[in-house]
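2 protein chains.
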Amino acid sequence: MDIWFTEYHNKNVALSVRVKDILYRDKSKYQEIAILDTYDFGKVLVLDNTYQTTEFDEFIYHELISHIPLFTHPNPKKVLVIGGGDGGTVREVVKHDTVERIDFVELDEKVLEACKKYMPNLSCEMENEKVNIIITDGIKYVAETDEKYDVIIIDCPDPVGPAKGLFEKEFYKNVFKCLNDDGLMVQQSESPLYNLDLIKNIAKYLKESGFKIIMPYVYPMPSYPSGMWSFMLASKKYNPLNVDKKKIKKKIEKFNTKYYDEDVHTSIFLSSPKFLKEAVKEALE
Amino acid sequence: MDIWFTEYHNKNVALSVRVKDILYRDKSKYQEIAILDTYDFGKVLVLDNTYQTTEFDEFIYHELISHIPLFTHPNPKKVLVIGGGDGGTVREVVKHDTVERIDFVELDEKVLEACKKYMPNLSCEMENEKVNIIITDGIKYVAETDEKYDVIIIDCPDPVGPAKGLFEKEFYKNVFKCLNDDGLMVQQSESPLYNLDLIKNIAKYLKESGFKIIMPYVYPMPSYPSGMWSFMLASKKYNPLNVDKKKIKKKIEKFNTKYYDEDVHTSIFLSSPKFLKEAVKEALE
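Protein chains in written order, with this note's numbering: chain A, 1 to 285; chain B, 1001 to 1285.
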């Protein structure tokens, strides 16, 4: 049968995938949630008609949002993950033996519950004893908490609706406050082809919030608009280019990564497109 | 109005773009050719219902297929370009002042003519005095010619129909024969996510043909299936990682590249996904 799910990236471009079945569909206080079983992308989490996570390409996103910041910090013990209710980021963070506690702040409990049931490949570490799930708004959490972290990972959706505040200066100031003196953060930062002004703003706000090292990195992401996606790393002290590659190579032997390795760690920053590196450089001047 | 062009990447995934107008449509001996004017991708060359080139993302593909091999060779004078009737590759090759002659072999004269008329941003160097256009089959050309080149760029379509032979051992042997003793080649090599077996075969055939250095590189390519695309570089002598970055930086000042720079040149190989690097390594053992 020809049943298709289509996300309109904007009013002029659309990506469609053929659907086997609708496994879950509900509305929460915040959004419409669906989990589809598809032929090519495996199970797909769809939030408000937008591809959020697919089993086909989630390894790219989750390995890169986790291992780059966690191996940039020489000894991350306490990690805060904001968003990412599918559990993929937490699954990767748990692999780091230095990490003693992961505070996992997710706004929408229904996403968490749906993924726990229908996407076990992603949500498999939700019961891990290191993981402390906190159901609340990440913006509110960093504004109010007295906790301090080594690494903060902001696995946020697009900057619309309740997630808009995750891309504002006030939020970055609070993230800075919640990091130890040698802490660092990474944030999902949209498509360089479609959202360059947003990325420049993020860089500017991060600088104004006090971060010393601010660097974007880019990777192909099939299910996201334009297929070219980015993260922004912001650090108080450690530079991701100054890592011990041999140490990383040894540590990831048991990680079963498919995208990330010790060479990707540094080269992903340098291989990002010239137009993006220049735009961010300009924003930081 | 809602007029859409859709390419089905396979029977389960489709990428659609909203169309302003159909500028050109014809059938040649080899294929159906269309040039569409679209809202988001600018002008789009479509061959047999497949995105071939779009003004939106062609800079990524054409900069990387040209400048990586041409800056890996310290002094490329004679270049063979096989395929790429839109002219985008030739436009980039012409920028290199060391290059004295470009033999440009294209199978389908109709593609060339259509792009000359409707896609001048790409075909702008077709009249350049260094460019020698030869309308013939690239497979036949390398089998029969006595010419020797410094760099051969294979800007081929997908391995179906007449392009199938561009991915076979016999062809690579002839490419090897047509290269000087320090020559190198690069080929469009499909999606690592969808065509890993093909990529492994290419690597194997290149090794069997006598190439010493065989390395894939990966980049995001919005209009191509999966958005993750690759090139394969094969070299008799020069390693792309051993370049003089300062020299490249100076040379590209006037190139107006948007994706490529001296850091991309080397890091694009290292930042390619682990699963691809491992698959190619295995194929070469």
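The C-beta atom is built at its ideal place from N, Cα and C for all residues, glycine as well. Note that the structure is a prediction, hence the values are computed from the model and not measured.
Do residue i and residue j have their C-beta atoms within less than 8 Å of each other?
i                  : j                  : result
Asn-1132 (chain B) : Arg-1101 (chain B) : yes
Pro-1222 (chain B) : Ser-223 (chain A)  : no
Asp-1261 (chain B) : Ile-1252 (chain B) : yes
Met-1228 (chain B) : Ile-1202 (chain B) : no
Asp-182 (chain A)  : Lys-148 (chain A)  : no
Asp-40 (chain A)   : Val-17 (chain A)   : yes
Val-19 (chain A)   : Thr-6 (chain A)    : no
Tyr-259 (chain A)  : Phe-59 (chain A)   : yes
Ile-153 (chain A)  : Ile-35 (chain A)   : no
Gln-1052 (chain B) : Asp-1086 (chain B) : yes
Glu-190 (chain A)  : Ser-230 (chain A)  : yes
Pro-1074 (chain B) : Pro-220 (chain A)  : no
Roughly how many angstroms separate the alpha carbons of residue i and residue j, rounded to a whole number?
i                  : j                  : result
Gly-1088 (chain B) : His-1062 (chain B) : 6 Å
Ile-1134 (chain B) : Val-1081 (chain B) : 10 Å
Cys-1115 (chain B) : Lys-77 (chain A)   : 57 Å
Val-1151 (chain B) : Asp-137 (chain A)  : 56 Å
Val-1044 (chain B) : Asp-1021 (chain B) : 11 Å
Lys-204 (chain A)  : Asp-155 (chain A)  : 20 Å
Ile-1340 (chain B) : Lys-1254 (chain B) : With chain B represented from 1001 up to 1285, any question about residue 1340 (chain B) goes unanswered, as that position is not in the structure.
Asp-1263 (chain B) : Leu-1193 (chain B) : 25 Å
Pro-1014 (chain B) : Asn-1256 (chain B) : Sequence inspection shows Ala at residue 1014 (chain B); the Pro mentioned does not correspond to that position. Approximately 33 Å between the Cα atoms of the pair.
Leu-1270 (chain B) : Tyr-1008 (chain B) : 31 Å
Asn-1121 (chain B) : Glu-1106 (chain B) : 18 Å
Ser-1123 (chain B) : Asn-10 (chain A)   : 29 Å
Trp-1004 (chain B) : Lys-246 (chain A)  : 50 Å
Lys-1169 (chain B) : Leu-1206 (chain B) : 7 Å
Val-1079 (chain B) : Lys-250 (chain A)  : 43 Å
Glu-1144 (chain B) : Gly-1165 (chain B) : 15 Å
Gly-1083 (chain B) : Met-126 (chain A)  : 51 Å
Gln-1187 (chain B) : Ile-1214 (chain B) : 11 Å
Asn-180 (chain A)  : Asp-146 (chain A)  : 11 Å
Ile-1139 (chain B) : Met-1119 (chain B) : 26 Å
Val-1046 (chain B) : Asn-12 (chain A)   : 17 Å
Lys-274 (chain A)  : Lys-1274 (chain B) : 23 Å
Short of 8 Å in beta carbon distance, which residues of its chain neighbour residue i, apart from the five on each side in sequence? Order them along the chain.
i                  : result
Lys-1117 (chain B) : Tyr-1024
Lys-200 (chain A)  : Ala-279, Val-280, Glu-282, Ala-283
Leu-198 (chain A)  : Pro-159, Phe-167, Ser-189, Glu-190
Lys-277 (chain A)  : Pro-216
Excluding the five sequence neighbours on either side, which residues of its own chain have a C-beta within less than 7 Å of the C-beta of residue i, listed in chain order?
i                  : result
Ser-272 (chain A)  : Pro-216, Tyr-217, Val-218
Gly-1042 (chain B) : Thr-1054, Glu-1055, Phe-1056
Asn-128 (chain A)  : Val-94
Asp-1048 (chain B) : Gln-1031, Glu-1032
Might you give, ordered along the chain, the residues of its own chain that have their beta carbon closer than 6 Å to the beta carbon of residue i, omitting 5 neighbours on each side?
i                  : result
Met-185 (chain A)  : Ile-152, Val-175, Ala-234
Pro-1157 (chain B) : Ala-1163
Phe-104 (chain A)  : Val-81, Val-90, Val-131, Ile-133
Val-1142 (chain B) : Asn-1174, Val-1175, Cys-1178
Leu-1196 (chain B) : Ala-1279
Thr-1050 (chain B) : Glu-1007
Thr-266 (chain A)  : Leu-241
Do three or more CB pairs link the segment 1063–1074 of chain B to the segment 1088–1096 of chain B at distances below 8 Å? These segments touch.
Taking three-plus beta-carbon pairs below 8 Å as touching, is the segment 237–246 of chain A in contact with the segment 152–170 of chain A? no
Evaluate contact between the segment 171–186 of chain A and the segment 201–217 of chain A, counting only Cβ atoms and requiring at least three cross-stretch pairs below 8 Å. With a cut-off of 8 Å, the segment 201–217 of chain A and the segment 171–186 of chain A count as touching, because enough Cβ pairs lie within range.
Which runs of the beta strand (DSSP E) spanning at least 3 residues fall entirely within the segment 142–215 of chain A, listed in chain order? 149–154, 179–188
Would you check if there are 3 or more beta carbon pairs closer than 8 Å linking the segment 1027–1041 of chain B to the segment 1106–1113 of chain B? yes
Complete alpha helix (DSSP H) runs within the segment 34–110 of chain A (minimum length 4 residues, chain order): Inside the segment 34–110 of chain A, DSSP marks whole alpha helix (DSSP H) runs of 4 or more residues at positions 58–72, 88–93, from first to last along the chain.
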